[in-house]
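Quick note, the sequences are listed as chains Y and F, same order. Residue 1012 in the numbering used here sits at position 175 of the first sequence, and the numbers go up by one each step. Residue 319 in the numbering used here sits at position 183 of the second sequence, and the numbers go up by one each step. Glycine included, each C-beta is placed from N, C-alpha and C at the ideal position. To start, the structure itself, in structure tokens.
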Amino acid sequence: MREWIDLLMVLVAVTNLAILGVSRLRTCIRLSAIQGAMLGCLPLMVAPLESWTPLLLALVTIALKGWVLPALLERSLVEANVQREVQPFVGYNASILIGVIAIAASFWFNTRLPLPFDPPGTLMIPTAFFGVLVGLFILVSRKIALNQVIGYLVLENGIYTFGLVLMPHQTLMVELGILLDLFVGVFVMGIAIFQINREFDHIDADRMTGLRDWSDE
Amino acid sequence: MIIGLILIPVLAGVACLFLGNSRQLRVILIAVALLHLILTILCWIFPPAGLWQGWLALDEAGKLFLTIVSVLFVGSSFYLLEYFQREAGSPHESESVFVACLLFFLATMTLVTVSQHFSLLWVAIEATTLASAPLIYFHRNPQSLEATWKYLLICSVGIALALLGTFLMAAAATASPTPVELSIAGLTTNAQRLQPAWLKAAFLFLLVGYGTKMGLAPLHSWLPDAHSEAPSAVSALLSGALLNCAFLGIFRTLQVCSAAGIGEFARQVLIAFGLISMAFAAIFLLRQADYKRMLAYSSVEHMGILTLGIGLGGLGSFAGLLHAVNHSLTKALLFLLAGNIIFAYRSKSTEAVSGMFHRIPATAVLWMAGFFAIIGFPPFGTFISELTILRAALQQGHGWIAAAYLGFLSLAMIGMAGVILKMLYGPAPAQGQIRESRLSLVTPIVFAALVLVLGLVIPNFLSQTLTTAAGLAGGAVR
């Protein structure tokens, strides 16, 4: 099973890199959905199938990360009527390069902090850290609110992966990760229901500068 | 009793969602607030037993913060009665949703104070964000939407990092043969079995995560917007109660770190964060054009002071917790008065406000008292707590920390003095004096009196609780 987990982790890392390099928002959403669905399979591989819990967790995760959240995002994408982010703070090629550096950093981090127990898959911890780093990077380097939500999803998926490492040992960790999805749901609904695009005529978070210190006098 | 403290506001909140009658809503709000306060006072007299294998329990630190939340909530509720009347004409969120969210907010903050398990604590703090976001969006205009969006986005990133911190702590606790449970009691009693390297990482992530919520610089950027856009009573709750709840999260982490023997490391980081926050706030206080933002930055400064106090340990921890009480009362007082000023001048800009003594004399007097309290002037309680933190720094031989602390305090004082004096004096507006409603003054007067009393005498029961609570995080008074 270990090899399969590690293979899945490689695929998750690849989707992260792809999200970094893609400018079309719809593709980004699809990629995050694929990533979510892949991570949703993990509880089944990590925990022994003795109880119903892993199965239930897997189903809930796949439903939320693979279907509900991406569907909500796509809906607000249609409403907001944007196709791609034209000028992020950091260009797409540079973003991929930073992603590669982030992979290296994650592996280095992994060697510095050896786990006190045996993880279910050797690549899980580095992939988790990689997801966290990529998510944070997208959050600060993209301007469009939708893209920031995708960054948040990636960050969240990284944390979720970390929770899965602990799943055989500590109770409730994965459940907490799923609760975090609630937050993302609120975000997306924030865009969809409160119509950030309509109030501002755009969903460009960078132009949300009405509130600041020392306004022009 | 603990269940009652949480469930009553939740049930009342659900009931509010189905009520449209604003009279009923107000009665429910006040009744729940008073009931919550009574239950809280009962908790002081009859300490409640823990529930759910100790997941929910009220220790001394929790009791202290629960009391702050409860007192502030009662005060703000009474103020809101007046506020609803004033806002009746202008466009805003439906009152039933607002009151319901307010009650949910109370329930989630209560849950934070009674959580004795890191998972539950995280859930509770996440829930406070969800419950309070609609409160900031009360006015339904682009500015408040922007503030709400920033609040949600930045706090959610913080909360995500705090979850990672919780996971790291779980990793630190998962040593063979049996993993340690993530309850505070379990972690502190088995502290020597925790992996120090992972615990340090956990501390950093939890500090950054909850620190975002608490408004520690440089993670404070949501705070001035949210505090300035929210209705004043909500700002008072955000600043006086919510920030303390996030602080409690950091305090719990420090409790575990101290027990595990990495308290020294944790304290140094806390001191650094505290001083950085004070520095940031002092700089931004210097030229503030919006008095509610000014109060928000002052909150950043005071959160820095708390963190510094806890970081110093010993006497500093005691003073830090005392300062939490003082700051909450003072800041709530000031935010509520800011609401009165907005009502009288129809502007949040300091440019537009002058001659308060002529236009709104009662508010002006209280505003001045609040100003002296917030800058830590005797005889107010803040003076005692700030002075004690200084003493703690000097006692431990941290000369430069004491110097920096004093420097930032004076800088903040200068910044605020310029703005506040200008608002109080100066030419009065032509319309002359307006009538100030009693309801809008009752809460500020009570809070001002409480801060004053705390400056003159710290009641025995309070100082006992403070000492025990400070001792929880390895801050035994030496």
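Taking CB atoms only, Leu-300 (chain F) has a neighbour in chain Y less than 7 Å away. Straight-line spacing of the CA atoms in Pro-145 (chain F) and Gly-1022 (chain Y) works out to 24 Å. Ala-539 (chain F) counts as exposed, since fewer than 16 other beta carbons sit within 10 angstroms of its beta carbon.
Contact annotation: in the stretch 878-896 of chain Y, no residue has its CB less than 8 Å from a CB in chain F. Bridge partners of Leu-271 (chain F) according to DSSP: none are assigned. For Leu-465 (chain F), the enclosing alpha helix (DSSP H) has its first and last residue at 451-481. Burial is judged here by how many other beta carbons sit within 10 angstroms of a residue's own beta carbon; Met-961 (chain Y) has at least 16 and is buried.
Of all C-beta pairs linking the stretch 327-345 of chain F to the stretch 300-310 of chain F, three or more are shorter than 8 Å, placing the two stretches in contact.
Residue range 575-592 is occupied by the alpha helix (DSSP H) that includes Ile-581 (chain F). The C-beta separation of Ser-413 (chain F) from Thr-443 (chain F) comes to about 7 Å, placing the pair in contact by the 8 Å criterion. Annotation for Gly-506 (chain F): the continuous alpha helix (DSSP H) segment containing it runs 497-510.
DSSP places Arg-571 (chain F) in no alpha helix (DSSP H); its state is neither H nor E. The stretch 157-174 of chain F makes no contact with the stretch 248-267 of chain F; the number of CB pairs closer than 8 Å stays below 3. Nearest neighbour of Thr-249 (chain F) by Cα position, chosen from F:Ser-521, F:Ser-158, F:Leu-192, F:Met-504, turns out to be F:Leu-192. Shortest Cα-Cα distance from Ile-935 (chain Y) to any of Y:Leu-848, Y:Asn-853, Y:Phe-1020 involves Y:Asn-853. Contact annotation: Asn-380 (chain F) and Phe-201 (chain F) have beta-carbon atoms nearer than 7 Å.
By DSSP's assignment, Ser-485 (chain F) forms a beta bridge with F:Asp-426. In the three-state scheme derived from DSSP, where H, G and I count as helix and E and B as strand, Leu-256 (chain F) is classed as helix. About 21 Å separates the beta carbons of Leu-602 (chain F) and Leu-469 (chain F), which is beyond the 8 Å limit, so they are not a contact pair. Contact between Pro-957 (chain Y) and Val-883 (chain Y) holds: CB atoms are separated by about 5 Å, below the 8 Å threshold.
Interface annotation, Gly-1000 (chain Y): in contact with chain F, CB-CB separation under 7 Å. Distance check between Met-1004 (chain Y) and each of Y:Pro-891, Y:Ser-943, Y:Leu-901 places Y:Pro-891 closest, using alpha-carbon atoms only.
Contact between the stretch 341-360 of chain F and the stretch 284-298 of chain F is present: 3 or more CB-CB pairs across the two stretches fall below 8 Å. Using a Cβ distance threshold of 7 Å, Leu-318 (chain F) and Ser-255 (chain F) count as a contacting pair.
Of F:Gln-252, F:Val-593, F:Gly-440, F:Gly-399, the smallest CA-CA separation from Leu-355 (chain F) is found for F:Gly-440.
Among the residues facing chain Y, Pro-354 (chain F) is not included, as its CB has no counterpart in that chain under 7 Å away. Taking 8 Å as the upper bound for CB-CB distance, Leu-896 (chain Y) and Asp-1018 (chain Y) are not in contact here, some 13 Å apart. DSSP, reduced to helix, strand and coil, places Leu-1009 (chain Y) outside both helices and strands of the structure shown, so it counts as coil. By the Cβ test, the stretch 232-249 of chain F is not in contact with the stretch 481-497 of chain F, since fewer than three Cβ pairs between them sit closer than 8 Å. In this structure Asp-361 (chain F) is buried. Its beta-carbon is surrounded by 16 or more other beta-carbon atoms within 10 angstroms.
Flagged as an interface residue toward chain Y: Ala-311 (chain F), by a C-beta distance shorter than 7 Å. In terms of Cα proximity to Ile-261 (chain F), the closest of F:Ala-151, F:Val-168, F:Leu-378 is F:Leu-378. In the DSSP annotation of this structure, the continuous segment of the alpha helix (DSSP H) that includes Arg-222 (chain F) starts and ends at 196-223.
The criterion of a C-beta distance shorter than 7 Å is satisfied by Phe-274 (chain F) and Pro-367 (chain F). For Ala-362 (chain F), the enclosing alpha helix (DSSP H) has its first and last residue at 358-365.
When C-alpha distances from Val-555 (chain F) are compared across F:Trp-503, F:Gly-186, F:Val-589, F:Pro-565, the shortest belongs to F:Trp-503.
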